[in-house]
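Participant: First, the structure itself, so that you have it in front of you.
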Amino acid sequence: MIKSIYGVMAEFDNPTALVNAARAAREKGYRKLDAYSPFPIEELSDALDLHKNRLPLIVLAGGIVGGLAGYLMQYYVTVWDFPLNIGGRPLHSWPAYIVITFEMTILLAAISAVMGLLALCGLPMLYHPAFNVPRFALASRNRFFLSIEATDPLFDARATPEFLETLEPKEVSEVAE
Amino acid sequence: MTLENDLKLWRSGALAAGIAGAVLCAIGFFISPFQFYRSYLWSYLFIVGLSVGSLAWLMLQYLTGGAWGVVIRRPCEAAARTLPLVALMFVPIAIGIPNLYPWSHAKVVAADEILRHKQVYLNVPFFLIRAAVYFGGWILLSWLFNRWSAREDREGPAGVHGKMAALAGPGLIFWGFSVTFMAVDWVLSLDPHWFSTMFGMLFMAGQALSSMAFLIALMVLLSRRPPMSEILTPRHLHDLGKFLLTLVMVWAYFSFSQFLIIWAGNLPEEIPWYLERLRGGWQYVALALVIGHFALPFALLLSRDLKRNFKLLAGIAICVLFMRMVDLYWLVAPDFRKGRFGLSWMDITAPVGMGGIWLAYFLIQLGKRPLMPLNDPHLVEALEHGRE
Numbered sequence: 028m029i030k031s032i033y034g035v036m037a038e039f040d041n042p043t044a045l046v047n048a049a050r051a052a053r054e055k056g057y058r059k060l061d062a063y064s065p066f067p068i069e070e071l072s073d074a075l076d077l078h079k080n081r082l083p084l085i086v087l088a089g090g091i092v093g094g095l096a097g098y099l100m101q102y103y104v105t106v107w108d109f110p111l112n113i114g115g116r117p118l119h120s121w122p123a124y125i126v127i128t129f130e131m132t133i134l135l136a137a138i139s140a141v142m143g144l145l146a147l148c149g150l151p152m153l154y155h156p157a158f159n160v161p162r163f164a165l166a167s168r169n170r171f172f173l174s175i176e177a178t179d180p181l182f183d184a185r186a187t188p189e190f191l192e193t194l195e196p197k198e199v200s201e202v203a204e
Numbered sequence: 062m063t064l065e066n067d068l069k070l071w072r073s074g075a076l077a078a079g080i081a082g083a084v085l086c087a088i089g090f091f092i093s094p095f096q097f098y099r100s101y102l103w104s105y106l107f108i109v110g111l112s113v114g115s116l117a118w119l120m121l122q123y124l125t126g127g128a129w130g131v132v133i134r135r136p137c138e139a140a141a142r143t144l145p146l147v148a149l150m151f152v153p154i155a156i157g158i159p160n161l162y163p164w165s166h167a168k169v170v171a172a173d174e175i176l177r178h179k180q181v182y183l184n185v186p187f188f189l190i191r192a193a194v195y196f197g198g199w200i201l202l203s204w205l206f207n208r209w210s211a212r213e214d215r216e217g218p219a220g221v222h223g224k225m226a227a228l229a230g231p232g233l234i235f236w237g238f239s240v241t242f243m244a245v246d247w248v249l250s251l252d253p254h255w256f257s258t259m260f261g262m263l264f265m266a267g268q269a270l271s272s273m274a275f276l277i278a279l280m281v282l283l284s285r286r287p288p289m290s291e292i293l294t295p296r297h298l299h300d301l302g303k304f305l306l307t308l309v310m311v312w313a314y315f316s317f318s319q320f321l322i323i324w325a326g327n328l329p330e331e332i333p334w335y336l337e338r339l340r341g342g343w344q345y346v347a348l349a350l351v352i353g354h355f356a357l358p359f360a361l362l363l364s365r366d367l368k369r370n371f372k373l374l375a376g377i378a379i380c381v382l383f384m385r386m387v388d389l390y391w392l393v394a395p396d397f398r399k400g401r402f403g404l405s406w407m408d409i410t411a412p413v414g415m416g417g418i419w420l421a422y423f424l425i426q427l428g429k430r431p432l433m434p435l436n437d438p439h440l441v442e443a444l445e446h447g448r449e
């Protein structure tokens, strides 16, 4: 029986080796990569080409929606729902709206940043195959891992682990689904 | 083409424009001394913003001690070294006080109870003493930082870099106070009845923004030749672009806060200042500021790719510099042109003349020392930071 696998994972004992491995794997053509490290490594994002994602767009949309909602809410209240003469000013006195419009922009931009981050990361996630590798718990202590997923077009059950072996890892293991 | 050739070329260009502008201004002085002083004052404020703002950036980068400031350290130092020239350029304003400030006329003061009370502060000798204190402080700071920087070049950072960091904090506090009082003295007192506690901050943000925009445009120009072509990378520029975005927002925040408070209060002693600036054509200048000084640069600078693009970022920096001048004009000129927008030909020759002469002097100063502070303890970090 052929066991279905999630991918393969290589273990490294220092961050430089991980970054070099990630770079090498990208050069080789692999795209479905992920790396795990106990602390953030700035170069890793470059090596994995992770700079572009849709989060800024989500935050921008959240900010615009928040700003519009804040402005229109005040417009509705002061012009339509409960018009009051305040100091002889016009009902639609926009300077007074700006502070709340600004705050609503920030609020919804911030909320959409958090929600968007969770959504893009696929959180909450109750199960992840990476934890099937016994040594993976070390990723939060002193080991660095690089995984290549089976869904990668270049993935090959034999060639991919062999390729990872050439990157001088501590260990290469198969990740069960 | 080398950097020396470039600097020489820019220098002679700036000097030619400066002399032409200065000659035209001198002619203008004999046609209309009033207009001469008015045009002189607002272009002078712009030059003060560039030089004093650069001094503030110099101190900020010592205070925070990061790698981001290493690439702009030498241009900041050179701009700070122009301060004696800037102080010299103040002389025409000192002479022109009666032409500019209503509180300097004994008759006006005698007929105005409010001005009689303000006379303790608003009088010519004290005005000049205060100006001397600002320039004295700025020049002293600039002299110390440049002296220590030269020593660091010769002997290494041991001892001397700590001194610079230690002076940077008090120096920035002095900057905050001096710029606040400067704004009140030179600009706010043009309308001696009006007051705003936000006004000094508006000028602090304005100076920092002007000088950062100037530094960005300069760095992009320098990056075409060695050594900067090998040092300056999109990551350095990205850092500077973030500052530009921040300051565009800070400026908008301060400007709007001042407006909102005065608009909401609607008090007869405060609101006329805005009424003057929102009628007779001046409202379109205000609208141009909202769009060109805030909305447009803000929206564009949000983009990460744009902040890493040398040409685009320099283009925006130059637009921001232009809008800084528009902003200063909108702050200063409506007091002289009540109810009707106008622009004299001297309002063009004065900034060209003064800017050209200042720029030529700045470029001479810039050429005097190596473009990178080779003994800066953050130098390696700054170079590493630039590599992707």
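First to last, the protein sequences are chains A and B.
Count the first sequence with my numbering and you get residues 28 to 204, in order.
Count the second sequence with my numbering and you get residues 62 to 449, in order.
Think of the CB as a built atom: it goes at the ideal place given N, C-alpha and C, for glycine as much as any other residue.
This one's a predicted model, so the numbers in the text were calculated from it and none came from an experiment.
Looking at the strands, I want to know which residues DSSP matches up with E192/A.
Facilitator: For the purposes of this step, residue 192/A is identified with residue 165 of the first sequence, where counting begins at 1. In DSSP, E192/A forms no bridge with anything.
Participant: Have a look at L361/B and P163/B and give me their C-alpha separation to the nearest angstrom.
Facilitator: The residue you call residue 361/B lines up with position 300 of the second sequence. The residue you call residue 163/B lines up with position 102 of the second sequence. Cα-Cα distance, rounded: 42 Å.
Participant: Under the three-state reduction of DSSP, which class applies to M150/B: helix, strand or coil?
Facilitator: By one-based count along the second sequence, residue 150/B stands at place 89. M150/B: coil per DSSP, three-state reduction.
Participant: Can you pull out the residues from the segment 120 to 131 of chain A whose beta carbon lies closer than 8 Å to at least one beta carbon of chain B?
Facilitator: P122, A123, I125, V126
Participant: If you drop the 5 nearest sequence neighbours on each side, which residues of the same chain put their C-beta closer than 7 Å to that of S405/B?
Facilitator: By 1-based counting over the second sequence, the position of residue 405/B is 344. Excluding residues within five positions, the ones whose Cβ falls inside 7 Å are Q96, S100.
Participant: Quick one: any contact between the segment 113 to 122 of chain B and the segment 133 to 143 of chain B, if contact means 3 or more CB pairs under 8 Å?
Facilitator: yes
Participant: Have a look at V106/A and F371/B and give me their C-alpha separation to the nearest angstrom.
Facilitator: Counted from its first residue, the first sequence places residue 106/A at position 79. Counted from its first residue, the second sequence places residue 371/B at position 310. Their backbone Cα atoms lie some 47 Å apart in a straight line.
Participant: Across the segment 296 to 313 of chain B and the segment 143 to 158 of chain B, are there enough close Cβ pairs to call them in contact, namely three or more that are closer than 8 Å?
Facilitator: no
Participant: Once you ignore the five residues that flank R401/B on each side, which residues in its own chain have a CB closer than 8 Å to its CB?
Facilitator: Taking the second sequence and counting its residues from 1, the one referred to as residue 401/B is at position 340. So the list reads G341, G342, once near-sequence residues are dropped.
Participant: Does the separation of the CB atoms of S64/A and L87/A fall below 8 Å?
Facilitator: As a working mapping, residue 64/A is identified with position 37 in the first sequence. As a working mapping, residue 87/A is identified with position 60 in the first sequence. Taking 8 Å as the Cβ cut-off, S64/A and L87/A do not qualify as a contacting pair.
Participant: In this structure, what does DSSP give as the bridge partners for L173/A?
Facilitator: Your numbering for residue 173/A matches position 146 in the first sequence. DSSP, once it has assigned bridges, lists A37/A, A62/A as partnering L173/A.
Participant: Confirm, please, whether the CB-CB distance from G34/A to V175/A is below 8 Å.
Facilitator: Translated into positions along the first sequence, residue 175/A becomes position 148. Translated into positions along the first sequence, residue 34/A becomes position 7. Reading off the sequence shown, one finds Ile at residue 175/A, where the question assumed Val. In contact: I175/A and G34/A (Cβ atoms closer than 8 Å).
Participant: Three-state secondary structure (DSSP) at S271/B?
Facilitator: By one-based count along the second sequence, residue 271/B stands at place 210. In this structure, S271/B counts as helix in the three-state DSSP scheme.
Participant: Ignore the nearest five residues each way along the sequence and tell me which others in G198/B's own chain have a CB closer than 8 Å to its CB.
Facilitator: Position 137 of the second sequence, counted from the first residue, corresponds to residue 198/B. Within the same chain, G198/B has close Cβ partners F235, S239.
Participant: How many angstroms separate the CA atom of G428/B from the CA atom of N66/B?
Facilitator: Indexing the second sequence from 1 puts residue 428/B at position 367. Indexing the second sequence from 1 puts residue 66/B at position 5. Approximately 11 Å between the Cα atoms of the pair.
Participant: Output needed for E204/A: all residues of its chain with C-beta closer than 7 Å, excluding positions within five of it in sequence on either side, in chain order.
Facilitator: Counting from 1 along the first sequence, the entry for residue 204/A is found at position 177. Within the same chain, E204/A has close Cβ partners S31, I32, Y33, P156.
Participant: Quick one: using the 10 Å Cβ neighbour count with 16 as the cut-off for buried, is A192/B buried or exposed?
Facilitator: For the purposes of this step, residue 192/B is taken as the residue at position 131 of the second sequence. A192/B is buried by the Cβ-count criterion.
Participant: List in chain order: all unbroken beta strand (DSSP E) runs of 3+ residues lying wholly within the segment 139 to 187 of chain A.
Facilitator: For secondary structure counted as the beta strand (DSSP E) over 3 or more consecutive residues, the segment 139 to 187 of chain A holds these complete runs in sequence order: 171 to 176.
Participant: What separation, rounded to the nearest whole angstrom, lies between the Cα atoms of D73/A and M131/A?
Facilitator: Sequence index remark: in the first sequence, residue 73/A carries index 46 (1-based). Sequence index remark: in the first sequence, residue 131/A carries index 104 (1-based). Whole-angstrom Cα-Cα distance: 34 Å.
Participant: Would R212/B and D437/B be called neighbours here (beta carbons separated by less than 8 Å)?
Facilitator: Start at 1 with the first residue of the second sequence, and residue 212/B comes out as number 151. Start at 1 with the first residue of the second sequence, and residue 437/B comes out as number 376. Contact flag unset, no.
Participant: I'd like to know whether the C-beta of G89/A is nearer than 8 Å to at least one C-beta of chain B.
Facilitator: Indexing the first sequence from 1 puts residue 89/A at position 62. Cβ-Cβ to chain B under 8 Å: no for G89/A.
Participant: Does the distance from the CB of V199/A to the CB of P188/A come in under 8 Å?
Facilitator: As a working mapping, residue 199/A is identified with position 172 in the first sequence. As a working mapping, residue 188/A is identified with position 161 in the first sequence. It is a contact, given that the beta carbons lie within the stated cut-off.
Participant: Work out the CA separation of P180/A and E142/A for me, nearest whole Å.
Facilitator: Locating residue 142/A in the first sequence gives position 115, where the first residue counts as 1. Locating residue 180/A in the first sequence gives position 153, where the first residue counts as 1. For the record, residue 142/A in the displayed sequence is Met; it is not Glu. For M142/A and P180/A, the distance between alpha carbons rounds to 30 Å.
Participant: Tell me which residues share the same chain as Y98/B and place their Cβ nearer than 8 Å to its Cβ, disregarding the 5 neighbours each side in the sequence.
Facilitator: Translated into positions along the second sequence, residue 98/B becomes position 37. Excluding positions up to five away in sequence, the list reads P153, I154, G157, N160, L161.
Participant: Using the Cβ count rule (16 or more neighbours within 10 Å means buried), how would you classify G232/B?
Facilitator: As a working note, residue 232/B is residue 171 in the second sequence. When all chains shown are included, G232/B counts as buried.
Participant: Using a C-beta to C-beta distance shorter than 8 Å, which residues of chain A count as neighbours of F315/B?
Facilitator: Here residue 315/B refers to the residue found at position 254 when the second sequence is read from its first residue. By Cβ distance, chain A contributes nothing, its closest Cβ being about 14 Å from F315/B, past 8 Å.
Participant: My understanding is that P196/A touches E38/A, with C-beta atoms under 8 Å, so please give their C-beta distance in whole angstroms.
Facilitator: Position 169 of the first sequence, counting from 1, holds the residue named residue 196/A. Position 11 of the first sequence, counting from 1, holds the residue named residue 38/A. Beta-carbon to beta-carbon, P196/A and E38/A are separated by about 6 Å, close enough to satisfy the 8 Å threshold.
Participant: Could you tell me the distance, in whole angstroms, from the CA atom of Y98/A to the CA atom of D108/A?
Facilitator: Counted from its first residue, the first sequence places residue 98/A at position 71. Counted from its first residue, the first sequence places residue 108/A at position 81. Y98/A and D108/A: Cα-Cα distance of roughly 14 Å.
Participant: Is DSSP giving A203/A helix, strand or coil here?
Facilitator: For the purposes of this step, residue 203/A is taken as residue 176 along the first sequence, with counting starting at 1. DSSP, reduced to helix, strand and coil, places A203/A within a strand of the structure shown.
Participant: Run the CB neighbour count on H354/B, radius 10 Å, all protein chains shown included, and call it buried at 16 or more, exposed below.
Facilitator: Taking the first residue of the second sequence as 1, we reach residue 354/B at position 293. Burial call: buried.
Participant: Under 6 Å Cβ to Cβ from L424/B, same chain only, skipping five residues before and after it: list those, please.
Facilitator: Locating residue 424/B in the second sequence gives position 363, where the first residue counts as 1. Around L424/B: L68, W71, R72.
Participant: Quick one: what does DSSP say I32/A is sitting in, helix, strand or coil?
Facilitator: Along the first sequence, one-based indexing puts residue 32/A at 5. It is a strand residue.
Participant: Helix, strand or coil: how does DSSP classify E198/A here?
Facilitator: The residue labelled residue 198/A in the question sits at position 171 within the first sequence. Here E198/A sits in strand by DSSP.
Participant: Tell me whether the segment 196 to 210 of chain B and the segment 219 to 233 of chain B touch, counting them as touching only if at least three CB pairs, one residue from each stretch, are closer than 8 Å.
Facilitator: yes
Participant: Thinking C-beta only, is G261/B closer than 8 Å to V24/B?
Facilitator: In the structure displayed, chain B extends from 62 to 449; residue 24/B sits before or after that span and is not available.
Participant: Please check the pair G82/B and R385/B, which I expect to be a contact at CB under 8 Å, by giving their CB distance rounded to whole angstroms.
Facilitator: Position 21 of the second sequence holds residue 82/B. Position 324 of the second sequence holds residue 385/B. Not a contact, Cβ separation roughly 18 Å.
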